[in-house]
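Q: Residue numbers for the sequence shown follow the working numbering, beginning at 188 and rising by one.
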Amino acid sequence: MPKGTKILLVDDDKMLIELYKERLELAGYQVEISRDGEEGLAKVHQIKPDLVLLDIMMPKVNGYEALASIKSDPATKDIPVIILSALMRDINKTKAIESGADDYIIKSEAMPADVIKKIENVLQKYHKVTPEEPVKPAAPEIPSEPPKTTPEPSPAAAKPAPPPEPPKTEPPVQEVQFESFGATPGANLGQPPAAGGQNLSGSANPAVANSPAAEAKPSPLVIFFLILICILILASDLFFYLKYITSR
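(1) For Val239, which of Ala253, Pro246, Met245 has the nearest alpha-carbon?
(2) Which full runs of the alpha helix (DSSP H) of 4+ residues lie inside the segment 245–303, going along the chain?
(3) Looking at the strands, I want to know which residues DSSP matches up with Gln217.
(4) Out of Ile234, Leu421, Leu228, Gln233, which one is the CA nearest neighbour of Asp242?
(5) Residues bridged to Val239 by DSSP?
(6) Rounded to the nearest angstrom, what separates Asp260 and Tyr291 at their Cα positions?
(7) Starting from Ser423, follow the alpha helix (DSSP H) in both directions and report where the run begins and ends.
(8) Pairs of beta-carbons, one from the segment 257–277 and one from the segment 217–232, closer than 8 Å: are there three or more?
(9) Looking at the secondary structure, which residues open and close the alpha helix (DSSP H) in which Ile232 lies?
(10) Is Asp290 close to chain C? Criterion is C-beta to C-beta, closer than 7 Å.
(11) Quick one: Cα of Ile194 to Cα of Leu271, how far?
(12) If you run the structure through DSSP and keep just helix, strand and coil, what is Lys404?
(13) For Asp237 and Tyr216, I'd like the C-alpha separation in whole angstroms.
(14) Within 10 angstroms of the Cβ of Gly250, are there 16 or more other Cβ atoms? Answer buried if so, exposed if not.
(15) Can you tell me which of Asp198, Gly287, Ala300, Pro267 puts its alpha carbon nearest to the alpha carbon of Leu310?
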């Protein structure tokens, strides 16, 4: 509640006035005191309190007279007044309310906490400022976590260059040398012997010319197997060559 709510306590009972002053100040109010009605009226005009807590039976000016003076003055008529009296008769309460009092409290029937509650109710009715509540300590601020930064990835290490490819070399084609069956190395293959038993070079070799091996020709089956062997060799070379190419 905001500070600065002023209460004027007017009573000739010294003990009671000190008690209520202490309790009201603990509740957060600013309290001024007067010990008779005349002094109370002077302070009403002087400090313009937010509320007057007024006794009835006082010397010089009693509570009824002080109440009538407050409510008849345009400068003070809007100040709320609560009667705090030892008089218990209903006629006293009715007279106080008719004179302009906002509430009537019997001293013997109310505790200080009850009086403070009635003061708060009347102030709310008049939209007056109410006493300030004790300030609660603020909760400690929790430091906010710094924003998390994702470390930038370091540049990847350079990959080693692949080893140079070996030069392409085609496997050598195996040459198949074969000789005519029954013929001597170096002899002319597939040519008939010269007439008179002479070979192509002109030298006479009657033993070779007249021999059965010189006259024999390879059979088709032999030629077929030779061709098949050549094909298999070429196919094998081609297979290994393709395997080498695809494995790179």
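From the three backbone atoms N, C-alpha and C, an ideal C-beta is built for every residue, glycine too. Model, not experiment: these values are computed from the prediction.
A: So, from the listed chains and residues:
(1) Ala253
(2) 250–259, 277–285
(3) Lys193
(4) Leu228
(5) Leu195, Val268
(6) 21 Å
(7) 407–433
(8) yes
(9) In the sequence on display, residue 232 carries His and not Ile. From DSSP, the alpha helix (DSSP H) with His232 extends over 224–234.
(10) Of the protein chains in this structure there is only one, and it is not chain C.
(11) 13 Å
(12) coil
(13) 10 Å
(14) buried
(15) Pro267
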